[in-house]
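Protein chains in written order, with UniProt numbering: chain A, 1 to 428; chain B, 1 to 428.
Here's the structure we're looking at; comments come further down.
Number of protein chains: 2
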Amino acid sequence: MQVDIGNVLSATPGVSRDGLERLDDDVAVAHERIETGRADAEHGYASLNLPETVDTDAIRQAVSRFDDPEAIVTVGIGGSALGSATIDAVVGGDAETYYLDNVDPEATTSLLESLPLSETVVNVVSRSGTTAETLANFLVVREAMADAGVDWADRTLVTTGESGNLRELADQHDLPALDVPDGVPGRFSALSTVGLAVPALQGADLDAIVAGARAEADRLSGSLFESPAYAYGATSYALTQRGASVNAFVPYTESLEYFAEWFAQLWAESLGKDGLGQTPARALGATDQHSQLQLYRAGPHDKQVTLLRPRERDDHGIPETDLEGLSYLGGSSLGDLLDAEFEATEASLAAAGVPNVRIEVDRVDAQGIGELLYAMEAACVLYGELANVSTFTQPAVEWGKKAARGLLGGGDFAEADAVADKTRLVID
Amino acid sequence: MQVDIGNVLSATPGVSRDGLERLDDDVAVAHERIETGRADAEHGYASLNLPETVDTDAIRQAVSRFDDPEAIVTVGIGGSALGSATIDAVVGGDAETYYLDNVDPEATTSLLESLPLSETVVNVVSRSGTTAETLANFLVVREAMADAGVDWADRTLVTTGESGNLRELADQHDLPALDVPDGVPGRFSALSTVGLAVPALQGADLDAIVAGARAEADRLSGSLFESPAYAYGATSYALTQRGASVNAFVPYTESLEYFAEWFAQLWAESLGKDGLGQTPARALGATDQHSQLQLYRAGPHDKQVTLLRPRERDDHGIPETDLEGLSYLGGSSLGDLLDAEFEATEASLAAAGVPNVRIEVDRVDAQGIGELLYAMEAACVLYGELANVSTFTQPAVEWGKKAARGLLGGGDFAEADAVADKTRLVID
Chain A
1 MQVDIGNVLS
11 ATPGVSRDGL
21 ERLDDDVAVA
31 HERIETGRAD
41 AEHGYASLNL
51 PETVDTDAIR
61 QAVSRFDDPE
71 AIVTVGIGGS
81 ALGSATIDAV
91 VGGDAETYYL
101 DNVDPEATTS
111 LLESLPLSET
121 VVNVVSRSGT
131 TAETLANFLV
141 VREAMADAGV
151 DWADRTLVTT
161 GESGNLRELA
171 DQHDLPALDV
181 PDGVPGRFSA
191 LSTVGLAVPA
201 LQGADLDAIV
211 AGARAEADRL
221 SGSLFESPAY
231 AYGATSYALT
241 QRGASVNAFV
251 PYTESLEYFA
261 EWFAQLWAES
271 LGKDGLGQTP
281 ARALGATDQH
291 SQLQLYRAGP
301 HDKQVTLLRP
311 RERDDHGIPE
321 TDLEGLSYLG
331 GSSLGDLLDA
341 EFEATEASLA
351 AAGVPNVRIE
361 VDRVDAQGIG
371 ELLYAMEAAC
381 VLYGELANVS
391 TFTQPAVEWG
401 KKAARGLLGG
411 GDFAEADAVA
421 DKTRLVID
Chain B
1 MQVDIGNVLS
11 ATPGVSRDGL
21 ERLDDDVAVA
31 HERIETGRAD
41 AEHGYASLNL
51 PETVDTDAIR
61 QAVSRFDDPE
71 AIVTVGIGGS
81 ALGSATIDAV
91 VGGDAETYYL
101 DNVDPEATTS
111 LLESLPLSET
121 VVNVVSRSGT
131 TAETLANFLV
141 VREAMADAGV
151 DWADRTLVTT
161 GESGNLRELA
171 DQHDLPALDV
181 PDGVPGRFSA
191 LSTVGLAVPA
201 LQGADLDAIV
211 AGARAEADRL
221 SGSLFESPAY
231 AYGATSYALT
241 QRGASVNAFV
251 PYTESLEYFA
261 EWFAQLWAES
271 LGKDGLGQTP
281 ARALGATDQH
291 SQLQLYRAGP
301 HDKQVTLLRP
311 RERDDHGIPE
321 TDLEGLSYLG
331 GSSLGDLLDA
341 EFEATEASLA
351 AAGVPNVRIE
361 VDRVDAQGIG
371 ELLYAMEAAC
381 VLYGELANVS
391 TFTQPAVEWG
401 KKAARGLLGG
411 GDFAEADAVA
421 DKTRLVID
């Protein structure tokens, strides 16, 4: 992976070369802290050790019972779904993959009606075994299988912590079970059992994914000028400090749409605390040039734009044409057009003084997605160190969980009472 | 459609009841301007007349040649795709629908390989008939059909302006052709031929969609306290002025995911100019509570959160369970859980002082999506009047279009030269 930060040097907001060099002293200190955390396998920092600690053989072994499923349904939410979906969108396989990562009754019913349940593997993921959405969906899927005469215990894989409901179920019914590793928060778990079970079911090359991650781990160093991951994290931090409160994250390839979503969770949940943080805004190139670019160029100067592309991809030629004004397209290719639009958009942002960062990988494949996932995680951890926030926690979501539980009759919570006290000003 | 702005009154940033009443004088003036624009069918304002001017019979007639297609591929980008995708995601039909709204060669190849081309309708949409991405994709699809021995002219529907490449093709080959209406920018065209052709192909109830839109049109008035659409537009404007530079738009139903994307284009491209605008951030409830909520609650107070749900939906029960700590879910339903999470999240944002607006529709159906589309368009036009921006133009995207064209050898453009001059600072 390569990062080009040339277009932040004289943008508004921007970071000068001198500013980056001063910041590099802090990067050195942060890197020391991160290395200590890794050496001690501290909570969160342990995530950056996954390229060394993940056991791909154990993952392959756990899924070996399932022979060539037609469909794989992952039941999990947030970090229990996004990393897996991100990797699967890149490496793929023969099975259709689905994610029950919401509790929308219409979407769930529709999915269950269309699935070949007897040829489907259910992959349930929850560290605690008590995540309300995940367990509700699991109960629903299990019932659908029973109604269809399918033995759910034959078709279920569990990824969970050392104890809890799912672990007990796995023990009772002899389900294959993978361990969520210690010290790895959900949004940092893509390179663990959590993110790799579906690719393993698909027969993907897990070791290539891990090798990509390891390559980026090996490049972490005490200087942002030597590590692409830290260059991205430090530059994003400096731009946020200077007013880039939004990070518009724009991959120029559809296979990385989920990666942008995964990044949005990583960035928002890790760095959004103490009144700080940078808001991720997901977009897709070249499509969103026809949707968001007007705002990025001519709206408030409160954004960093991250443009991401592979250096190589399989291409598709555009036929010759005599259509008026379009002969220049003929004999070219969709890839040429997409690359021209990438470079044109980057230059158009620079011309408007909007700071932008280019990220490139060789290819969007198993190795490439490993590089990207690891590098963005390391970038995020570095940003968190520089901002002095508690990167690996998410305390602000507890309030709503208690309120929801209280509303459903799951206990007495003061938070649930607040719902009834809502101030209303209804225009009907 | 109903809007509840109670949770903006004492938030940070917030708008007091007095502030809203002062703003209402400006709303009255803006409403007058909008009504004049509608009466004269001025560019842009004419969009708000679509519930009266759209000819649903003509749309049904144009698609009547195509009998029950297995698949529909819309070739269009930005406003030529998003409105159609938004409506189709709600009203649906028997055909699988796809959107070639990008120029990703890998995604395009993969789609063409999987399509039943002889049973597919191709719906090409471009007002000018020269949109590079759309015409390139159309050439590619046409070639794929020829290679498969399918007569493309038998399977193609065109929606375009009075002249240009697509109009000429339609005339030459006797293709069914729909007119893009005058005075309607792409992002305001969902309720026209552009957005309704696919629902017509699907046999959906176009008149119910239009009736929903008309119901909201009938409620526009000179006061934000009397019109839900204006309440949303005026409140969003006032919050932006006070520091809510981001609008996190969060439907609590998967069938409105495209609607959030459509809204993002409407809001960004219409209002993002002259250094002004509010950045849309798309999210999905309840999923993104596990991704974005930490940031919304505990990050910078630079956001308005828009929470959107239907009052009724088809539900799905959750089986009884003896799993530890989860008995409260049993006998409940996924819809109950989703509603509890909606209300809990809303209250949790209020408790953190984050301004949030609740939008509700009776159901997400043909009528409901008509209401939502029209109301957000009217809200956007009102916001544009209050901010004094040129709502219906998108001048900032021209620079990049010229640069891309120059890079592809489509003429000499100074913008293309700027690409070569890029400042580089590469960390590799």
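All C-beta atoms, glycine included, are put in the ideal place defined by N, C-alpha and C.
Whose C-alpha, out of the options, is nearest the C-alpha of residue i?
i	options	result
Leu9 (chain A)	A:Asp421, A:Ser236, A:Val419	A:Ser236
residue 436 (chain A)	A:Ala89, A:Glu70, A:Gly14, A:Val73	Any question about residue 436 (chain A) goes unanswered here, given that chain A covers just 1 to 428.
Val125 (chain A)	A:Thr393, A:Ala351, A:Thr287, A:Gly78	A:Gly78
Gly272 (chain B)	A:Phe259, A:Ser291, A:Ala260	A:Ser291
Gln304 (chain B)	B:Ser163, B:Arg358, B:Gly195	B:Arg358
Asn165 (chain A)	B:Gly93, B:Asp26, B:Gly203, B:Asp322	B:Asp322
Glu360 (chain A)	A:Gly76, A:Leu373, A:Leu329, A:Gly353	A:Leu373
Val103 (chain B)	B:Thr131, B:Pro69, B:Gly384, B:Glu226	B:Thr131
Val158 (chain A)	A:Val150, A:Leu111, A:Asp151, A:Arg167	A:Arg167
Gly76 (chain B)	B:Ser84, B:Gly285, B:Asp101, B:Val198	B:Asp101
Ala71 (chain A)	A:Tyr99, A:Leu135, A:Gly285	A:Tyr99
Glu371 (chain B)	B:Ala217, B:Cys380, B:Val389	B:Ala217
Trp152 (chain A)	A:Leu178, A:Gly183, A:Glu119, A:Asp179	A:Glu119
Ala378 (chain B)	B:Leu337, B:Phe188, B:Ser80, B:Asn356	B:Phe188
Gly149 (chain B)	B:Ala170, B:Asp315, B:Pro116	B:Pro116
Asp26 (chain A)	A:Gly299, A:Gly384, A:Asp412	A:Gly384
Thr287 (chain B)	B:Leu266, B:Ser327, B:Phe342, B:Leu178	B:Phe342
Gln289 (chain A)	B:Gly299, B:Leu266, B:Ala283	B:Leu266
Asn137 (chain B)	A:Asn388, A:Asp315, A:Ala344	A:Asp315
Tell me the residue span of the beta strand (DSSP E) that contains residue i.
i	result
Ala71 (chain A)	71 to 75
Leu178 (chain B)	177 to 179
Taking Cβ positions, are residue i and residue j nearer each other than 8 Å?
i	j	result
Leu293 (chain B)	Ala396 (chain A)	yes
Ala404 (chain A)	Ala264 (chain B)	no
Pro181 (chain A)	Thr53 (chain A)	yes
Ser406 (chain A)	Ala420 (chain A)	The sequence shown places Gly at residue 406 (chain A), rather than the Ser named in the question. Against a cut-off of 8 Å, the Cβ pair of Ala420 (chain A) and Gly406 (chain A) comes out as no contact.
Pro176 (chain B)	Ala62 (chain B)	yes
Ser245 (chain A)	Asp67 (chain B)	no
Thr253 (chain B)	Val73 (chain B)	no
Ile34 (chain A)	Gly212 (chain A)	no
residue 430 (chain B)	Arg242 (chain B)	Any property of residue 430 (chain B) remains undetermined from this structure, which presents chain B solely from 1 to 428.
Ala238 (chain B)	Val15 (chain B)	yes
Ala281 (chain B)	Ala281 (chain A)	yes
Lys401 (chain B)	Ala347 (chain A)	no
Val121 (chain A)	Gln202 (chain A)	no
Glu113 (chain B)	Pro319 (chain A)	no
Gly285 (chain B)	Pro310 (chain B)	no
Pro183 (chain B)	Ser84 (chain B)	Reading the sequence as shown, one finds Gly at residue 183 (chain B) and not Pro. Taking 8 Å as the Cβ cut-off, Gly183 (chain B) and Ser84 (chain B) do not qualify as a contacting pair.
Gly6 (chain A)	Arg22 (chain B)	no
Leu220 (chain A)	Tyr232 (chain A)	no
Per DSSP, which residues does residue i bridge with? Please list them.
i	result
Ser333 (chain A)	A:Gly317
Ala248 (chain B)	B:Ala281, B:Val305
Pro310 (chain A)	A:Val361
Asn123 (chain B)	B:Thr74, B:Leu157
Asp421 (chain A)	Asp421 (chain A) pairs with nothing; no bridge assigned.
Ile5 (chain B)	Its beta-bridge partners do not exist; DSSP assigns none.
Val381 (chain B)	The partner list for Val381 (chain B) (beta bridge, DSSP) is empty, contrary to what the question assumes.
Val426 (chain B)	A:Asp4
Asn356 (chain A)	A:Val305
Can you tell me where the alpha helix (DSSP H) with residue i in it begins and where it stops?
i	result
Asn165 (chain B)	165 to 173
Val194 (chain A)	193 to 201
Asn137 (chain A)	132 to 147
Asp205 (chain A)	Note, Asp205 (chain A): premise wrong, no alpha helix (DSSP H); not H, not E.
Phe259 (chain B)	257 to 271
Leu295 (chain B)	293 to 298
residue 475 (chain A)	Any question about residue 475 (chain A) goes unanswered here, given that chain A covers just 1 to 428.
Threshold first: 3 residues or longer. Then list the beta strand (DSSP E) segments lying entirely within the segment 13 to 101 of chain B, N to C.
71 to 75, 96 to 100
In the segment 287 to 298 of chain B, which residues sit with their C-beta less than 9 Å from some C-beta in chain C, listed in chain order?
Absent from the structure: chain C. Protein chains present are A and B.
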